[in-house]
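Encoded as structure tokens, the structure appears first; notes follow it.
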Amino acid sequence: MVEARTPAIVLRTRTHGESDKIVTFMTRDWGKVTGIAKGAKRSHRRFVNALEPFAHVHVRFRPSQANELAFIFGCDLIQSFQAPSRDLQRFALASYTAELVDAMVIGGESGQEIYSLLFESLSVLEEDSLWTPLFLPAFEFLLLSHVGYAPNCTACHYCGVSLLERGGAATFSVSAGGLLCSHCRERGGATLVLSAETVQFLCRPQFGGLKALLATPVSPRACAEMRALAARLLNQHLPRPLKSLAFLSQAGIPLVSSIDGLQEE
Ligand SMILES: [Zn+2]
713 MVEARTPAIV
723 LRTRTHGESD
733 KIVTFMTRDW
743 GKVTGIAKGA
753 KRSHRRFVNA
763 LEPFAHVHVR
773 FRPSQANELA
783 FIFGCDLIQS
793 FQAPSRDLQR
803 FALASYTAEL
813 VDAMVIGGES
823 GQEIYSLLFE
833 SLSVLEEDSL
843 WTPLFLPAFE
853 FLLLSHVGYA
863 PNCTACHYCG
873 VSLLERGGAA
883 TFSVSAGGLL
893 CSHCRERGGA
903 TLVLSAETVQ
913 FLCRPQFGGL
923 KALLATPVSP
933 RACAEMRALA
943 ARLLNQHLPR
953 PLKSLAFLSQ
963 AGIPLVSSID
973 GLQEE
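If you count the sequence shown from 1, position 226 lands on 938 in our numbering, and the numbers rise without skipping.
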């Protein structure tokens, strides 16, 4: 019987029958794994405090064939993030990051990068000094990039001109799925206007990690534009609306649809 071991973060759990739990993890080495923890509601020795959302754990499991549940032998708690229980805003943001990862990751792809992004996100929420309004769009763009859905932000989708060299604003075309220079914007159908600041930010190499991105000074307007752009990209790939959007709204974090001042054509 093969036993896999890997660090992981619990994305969600649900009760199964009288004493079992079905748990979804974002693991470092095996991508997203969903498995059954037999007797989890009774066994404090094998699963003590380790099967709660946002728990950082070492999980031992038998990998499954496609579409079947893995069998979870046991789970050891490495760290319990306190931020989600501290206030509604952090709970909403942690719930959103976990649900978005769950929705955007199908199986074993890009496991390590996405595991690291989720770990870094929960760590940022834990530290007051690191929190900025850029958190949401930065998280969303890094996730989009890791699952392969980030658009090319350095060059015009149609003519290939460097948007940085052109130095001005650009538009994002939903139908083209990319950024357009000022000459090509007419060809793009419905577009979202992005300021030069936003284009410049998106042209940066995004692989320095979340904390490196959050250290960049960004105006509220650029933050709003990036969230609107991320929302359009995510909507193209999400199978259903996320439940945690309601938590964000309750926590006073504006949804994209209510952000004023964005220019759409
Ligand atoms: Zn162009």
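Ideal Cβ positions, reconstructed from N, Cα and C, are used throughout, including at glycine.
- For GLY823, the enclosing alpha helix (DSSP H) starts and ends at 823-838.
- ALA943 and LEU855 have their C-alpha atoms some 12 Å from each other.
- Contact check for PRO849 against MET938 passes: the beta carbons are separated by less than 7 Å.
- Per DSSP, the beta-bridge partners of GLN791 are HIS768.
- Secondary structure of ALA881 (DSSP, three-state): coil.
- Taking a 10 Å sphere around the C-beta of THR809, we find 16 or more other C-beta atoms and assign the residue as buried.
- Beyond the five residues adjoining it in sequence on each side, SER776 comes within less than 6 Å, by CB distance, of ALA782 in the same chain, given in chain order.
- Around the CB of ALA778, fewer than 16 other CB atoms lie within 10 Å, so the residue is classed as exposed.
- In terms of side-chain proximity, the C-beta atom of CYS865 is found no nearer than 6 Å to any non-hydrogen atom of ligand 1.
- In the DSSP assignment, HIS869 is bridged to no other residue.
- The distance from the Cβ of ARG740 to that of GLN824 is about 6 Å, consistent with a contact at the 8 Å cut-off.
- Around the CB of GLU780, fewer than 16 other CB atoms lie within 10 Å, so the residue is classed as exposed.
- Counting along the chain, ASP732 sits inside the beta strand (DSSP E) bounded by residues 732-739.
- DSSP links HIS728 through a beta bridge to ASP732.
- C-alpha of SER792 to C-alpha of LYS733: approximately 19 Å in a straight line.
- PHE737 is a Cβ neighbour of VAL722, given a cutoff of 7 Å.
- Excluding its 5 nearest sequence neighbours in each direction, PHE913 has C-beta neighbours in its own chain below 8 Å: THR928, VAL930, ALA934, MET938, listed in chain order.
- The nearest non-hydrogen atom of ligand 1 is 6 Å or more from the C-beta of CYS915.
- Relative to LEU945, the option among THR910, ALA924, PHE884 whose CA is nearest is PHE884.
- Shortest gap from the CB of VAL873 to any heavy atom of ligand 1: under 6 Å.
- Distances from the CA of ILE748 to each of TRP742, ARG757, HIS756, SER731 were compared; the closest alpha carbon is that of SER731.
- In the DSSP assignment, PHE783 forms a beta bridge with ILE748, ARG774.
- Closest by C-alpha distance to THR727, out of GLU839, ALA720, ALA752, GLY743, is ALA752.
- Taking the Cα positions, PRO845 is about 29 Å away from GLY900.
- CYS865 sits away from LEU830, with the two beta carbons spaced by 7 Å or more.
- Per DSSP, THR809 lies in no beta strand (DSSP E) segment; the continuous alpha helix (DSSP H) that holds it begins and ends at 800-816.
- PRO966 carries a coil assignment under DSSP once its states are collapsed to helix, strand and coil.
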